[in-house]
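Novice: Line order of the protein sequences matches chains A and X.
Heads up: the first sequence begins at 1227 in my numbering, then just goes up one per residue.
Heads up: the second sequence begins at 1227 in my numbering, then just goes up one per residue.
Provided herewith is a single structure, encoded as structure tokens, for subsequent inquiry.
There are 2 protein chains.
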Amino acid sequence: MPQPRFLILADGDFGPMTSKTANSVIRFQPDRVVAVLDRSQAGRQVQDVLGFGGAIPVVGSMAEGLALSPTAVLIGIAPQGGRLPEEWRSWLADALDAGCDIWSGLHTFLSDDPLLVERARANDCQLLDLRRPPADLPIASGAAKETDAFRVLAVGTDCNVGKMTAQLELVGSLNARGVRTRFVATGQTGIMIEGWGIAVDAVVADFIAGAAERITLEGARDADIVLVEGQGSINHPGYSGVTLGLLHGSCPDAMILCHQATRQYLGDYRHASWLRMPPLPEYVRLYETIASALHPSRVIGIALNTYDMDEAAARAACEAATRDTGLPATDPVRFDGSPLVDAILRAREARVALRHREGPAGRTGDAVRR
Amino acid sequence: MPQPRFLILADGDFGPMTSKTANSVIRFQPDRVVAVLDRSQAGRQVQDVLGFGGAIPVVGSMAEGLALSPTAVLIGIAPQGGRLPEEWRSWLADALDAGCDIWSGLHTFLSDDPLLVERARANDCQLLDLRRPPADLPIASGAAKETDAFRVLAVGTDCNVGKMTAQLELVGSLNARGVRTRFVATGQTGIMIEGWGIAVDAVVADFIAGAAERITLEGARDADIVLVEGQGSINHPGYSGVTLGLLHGSCPDAMILCHQATRQYLGDYRHASWLRMPPLPEYVRLYETIASALHPSRVIGIALNTYDMDEAAARAACEAATRDTGLPATDPVRFDGSPLVDAILRAREARVALRHREGPAGRTGDAVRR
């Protein structure tokens, strides 16, 4: 399949912290993006909106975008609840008529929409619902803890703090050091970038951990280290169940705690003062407690997202995180990711050493027999 | 609608610990059950298999069951993964031809099966998929913590330890004491008994907490106390995500920890020695830690399931649970449930007293601002 040329639909919501899918595709695959559609920012360049992405134009209509000859429209924002705004249906129909495929990570599947299905068929185009789960998922059995690959899960203080971005940076650094490392995508954006994975928040609830287990085992087959994409947060009122199912399905040996340094309230709920975030050490305690109910796991480093801070403040935030938690902390996108890469390699060495000392029986760990 | 007369399908798996749905319907609505179909136990009476249920016969074929004039076939076992065994399709088609409705809590929806849909239509019968979730579920916002009703969630050491049964007993006792108490059903069996609810393990993962929040708010409208049906266990490899989504969506003020006293290993995984259960105080710590990340909550009592113990051993188990946890413990099915009823009423009084002292602002609690 030739590389797609994306027109990214992010109408009304294109920005550094709002259009996560759009931004990640632009960050990791800028050559695939011909334009972003957002009427509220039309005429600007992506660089001016995001601080990266160069001269990719922001256009103000579907017609203007289609004039740039994309081969696919990629839905680049995830409205709360994941459903397709009614207004976009006619735009997508126009795009199909212009010969574009549609890539979507929405909860509402485009391929369940009779209008879009008919237009896709008439124009011989594809509707790619990246969130549609496989039909044959298993109930998790804890099998992920048996992989030889060292498993690292990103965990977060909230949704949309930069878990996936931090990990994709770390995957690149680890591979650059010659350690065979694979990224295991658990959300639609990761799947768009990586080409495979399962959106664990879109499966039927009983199969969250089963989906995570399956892709963790798959990712571990040819790798020394797998970095599993995290989802949500363990104290998120809406999504904590997904977070825990993913945590127990992937059985991480180690966790990287991701946080946006300036954020004080859980993001989707900023009106509610009682959803103030606890301090980082409390998150460390929560994640280690609940992970270790199935498989012993430690938080080994902090990945801070400092996009909205000046450099001095960002460095100070990293130092404060280390002071508060006793763990290495950096912004792996902005600064050197080595402290986290080193922490992962050290933790892996410690596990290998433990196995050699304990023999094969030590491999399964024993979190719940006390 | 007249009361249904059920033929319960539990083929190959009818027993005290295997056929949860069948057993619960028999326990709480024995007058509705005309027979159980299980070829491996044909000719016995339900009392002999379960220890309760009286003279309800176990039959060995669908024809034999239909001869007893049921008005509905109720699928009484939940195979792992929840899918319909292929062999049963023709039996269900026969039942539809005999004029029966079908009640099902399987993950595989009968109303997606063309054969069964055609037979149901031809015979003017209903296919009731009790696990099919509503289409318009919200993302949870934490709103359940605002109810005036005191919220109690059953939490468990495993699946199938007796959470629903214990709670239905407690609901009866609380109402008998004149406290308006409602049961909030979160699984197919509870829905069969109670007539409403949502099977939270069957919703798309992002909506687990939203579903729990919706039915908790619904149950709280005309009640002083709501007892929310628990699901799974916080350390269950397959289902912990459902457990946590339900916990955070329902925001319990208090929890009852349910345990089958003789069980030592998580039930679906008894081959794996590393899934030994931790002691009860560790479960108390896990549940209180993770619940209180959103809303302060304490385990206030232990409900033991002692069905397979003699009376002396059962009483000793209750005493041991109290000694280990410092909490009231009883088997509310077998013995007097008063220790748990009293614990719920005391905890509710304490919350009311707290509200009076703190004023309205104290109502929202403050678990995460530390």
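Backbone N, C-alpha and C define an ideal beta-carbon position, used for all residues, glycine too.
Quantities reported herein were computed from a predicted structural model and do not represent experimental measurements.
Comparing C-alpha positions only, which one of A:Q1255, A:L1300, A:L1394, A:A1437 sits nearest to D1264 (chain A)?
Specialist: Taking only the C-alpha atoms, the option nearest D1264 (chain A) is A:L1300.
Novice: Mind checking V1578 (chain X): buried by the 16 CB within 10 Å criterion, or exposed?
Specialist: Burial call: exposed.
Novice: Between which two residues does the beta strand (DSSP E) harbouring I1328 (chain A) extend?
Specialist: Taken as a continuous stretch (DSSP letters only), the beta strand (DSSP E) holding I1328 (chain A) covers 1327-1330.
Novice: Give the straight-line distance between the Cα atoms of A1487 (chain X) and D1374 (chain A), rounded to the nearest whole angstrom.
Specialist: Answer to the nearest angstrom: the Cα atoms are 36 Å apart.
Novice: So, with DSSP's three-state summary, where would you put V1378 (chain A)?
Specialist: The answer is strand: DSSP assigns V1378 (chain A) an E or B state.
Novice: Is it true that the region 1422-1431 of chain A meets the region 1393-1403 of chain A, where meeting means three or more beta-carbon pairs spaced less than 8 Å apart?
Specialist: No, the region 1422-1431 of chain A is not in contact with the region 1393-1403 of chain A.
Novice: Within the 8 Å Cβ cut-off, does D1432 (chain X) reach chain A?
Specialist: Yes - at least one Cβ of chain A is within 8 Å of the one on D1432 (chain X).
Novice: Give, in chain order, every residue of the region 1512-1526 of chain A whose Cβ lies closer than 8 Å to some Cβ of chain X.
Specialist: Cβ contacts with chain X: L1512, T1515, I1516, A1519, L1520.
Novice: Could you pull out every residue in the same chain whose Cβ sits closer than 8 Å to the Cβ of R1258 (chain A), ignoring the five residues on either side in sequence?
Specialist: Within the same chain, R1258 (chain A) has close Cβ partners Q1229, P1230, R1231, F1232, V1251.
Novice: Could you tell me the distance, in whole angstroms, from the CA atom of G1493 (chain X) to the CA atom of P1505 (chain X)?
Specialist: Distance between the alpha carbons of G1493 (chain X) and P1505 (chain X): 15 Å.
Novice: Since P1340 (chain A) meets chain X, which of its residues come closer than 8 Å, beta carbon to beta carbon?
Specialist: Going along chain X, no residue has its Cβ under 8 Å from P1340 (chain A), so there is no contact; the nearest lies around 16 Å.
Novice: Within the 8 Å Cβ cut-off, does S1330 (chain X) reach chain A?
Specialist: So no, S1330 (chain X) is outside the interface.
Novice: Run through DSSP, which three-state label would P1230 (chain X) get?
Specialist: Residue state, collapsed to three classes: coil.
Novice: What would DSSP say about L1443 (chain A), mapped onto helix, strand or coil?
Specialist: Helix, per DSSP.
Novice: Determine, using beta carbons only, whether Y1465 (chain A) comes closer than 8 Å to chain X.
Specialist: Closer than 8 Å: yes.
Novice: Under 7 Å Cβ to Cβ from V1468 (chain X), same chain only, skipping five residues before and after it: list those, please.
Specialist: V1426, D1427, I1434, Q1457, G1458.
Novice: Roughly how many whole angstroms lie between the Cα atoms of P1554 (chain A) and E1584 (chain A)?
Specialist: Whole-angstrom Cα-Cα distance: 28 Å.
Novice: What is the DSSP secondary structure of M1481 (chain A), reduced to helix, strand or coil?
Specialist: Three-state result, M1481 (chain A): strand.
Novice: Which runs of the alpha helix (DSSP H) spanning at least 4 residues fall entirely within the region 1261-1298 of chain X, listed in chain order?
Specialist: For the region 1261-1298 of chain X, whole alpha helix (DSSP H) runs of length 4 or above, ordered along the chain, are 1272-1276, 1288-1292.
Novice: Buried or exposed for H1676 (chain A), please, with buried defined as at least 16 other CB atoms from any protein chain shown within 10 angstroms of its CB.
Specialist: Any answer about residue 1676 (chain A) is impossible in this case: the structure gives chain A only from 1227 up to 1596.
Novice: Should D1355 (chain X) and F1335 (chain X) be called a contact, given that it needs their Cβ atoms to be closer than 8 Å?
Specialist: Against a cut-off of 8 Å, the Cβ pair of F1335 (chain X) and D1355 (chain X) comes out as a contact.
Novice: On the CB-based measure, 16 or more other CB atoms within 10 Å of its CB, does Q1414 (chain X) come out buried or exposed?
Specialist: Result: buried.
Novice: Assign E1439 (chain A) to one of two classes, buried (16 or more other C-beta atoms within 10 Å of its C-beta) or exposed (fewer than that).
Specialist: E1439 (chain A) should be labelled buried.
Novice: Which same chain residues, not among the five before or five after R1496 (chain X), have their C-beta less than 8 Å away from its C-beta?
Specialist: Note on R1496 (chain X): pLDDT 49, under 50, position unreliable in the model; the coordinate value appears next. Contacts found: none.
Novice: Within 8 Å (strictly less), CB to CB, does L1501 (chain X) reach chain A?
Specialist: At least one chain A Cβ lies under 8 Å of L1501 (chain X).
Novice: Within 10 Å of its beta-carbon, does E1605 (chain A) have 16 or more other beta-carbons around it, so buried, or fewer, so exposed?
Specialist: Residue 1605 (chain A) lies beyond the stretch modelled for chain A, which goes from 1227 to 1596, so this question has no answer here.
Novice: In this structure, what does DSSP give as the bridge partners for Q1486 (chain X)?
Specialist: Answer by DSSP bridge pairing, in chain order: X:N1531.
Novice: Can you name, in chain order, every residue of its own chain whose Cβ lies under 8 Å from the Cβ of L1292 (chain X), other than the five neighbours on each side?
Specialist: Closer than 8 Å at the Cβ level, and outside the excluded window around L1292 (chain X), lie L1233, D1320, A1321, A1324, C1326.
Novice: Under 8 Å by Cβ, that's how I've got K1389 (chain A) and C1477 (chain A) pegged, so tell me the actual separation to the nearest angstrom.
Specialist: Not confirmed; about 18 Å, so no contact.
Novice: Which residue comes first and which comes last in the alpha helix (DSSP H) that contains I1417 (chain A)?
Specialist: Looking at the DSSP string, the run of the alpha helix (DSSP H) that includes I1417 (chain A) is 1414-1420.
Novice: Compute the Euclidean distance between the alpha carbons of C1484 (chain A) and L1453 (chain A), then round it to the nearest angstrom.
Specialist: Their Cα atoms are separated by approximately 13 Å.
Novice: In angstroms, rounded to a whole number, what distance separates the CA positions of V1262 (chain X) and S1295 (chain X)?
Specialist: Between V1262 (chain X) and S1295 (chain X), the C-alpha separation is close to 13 Å.
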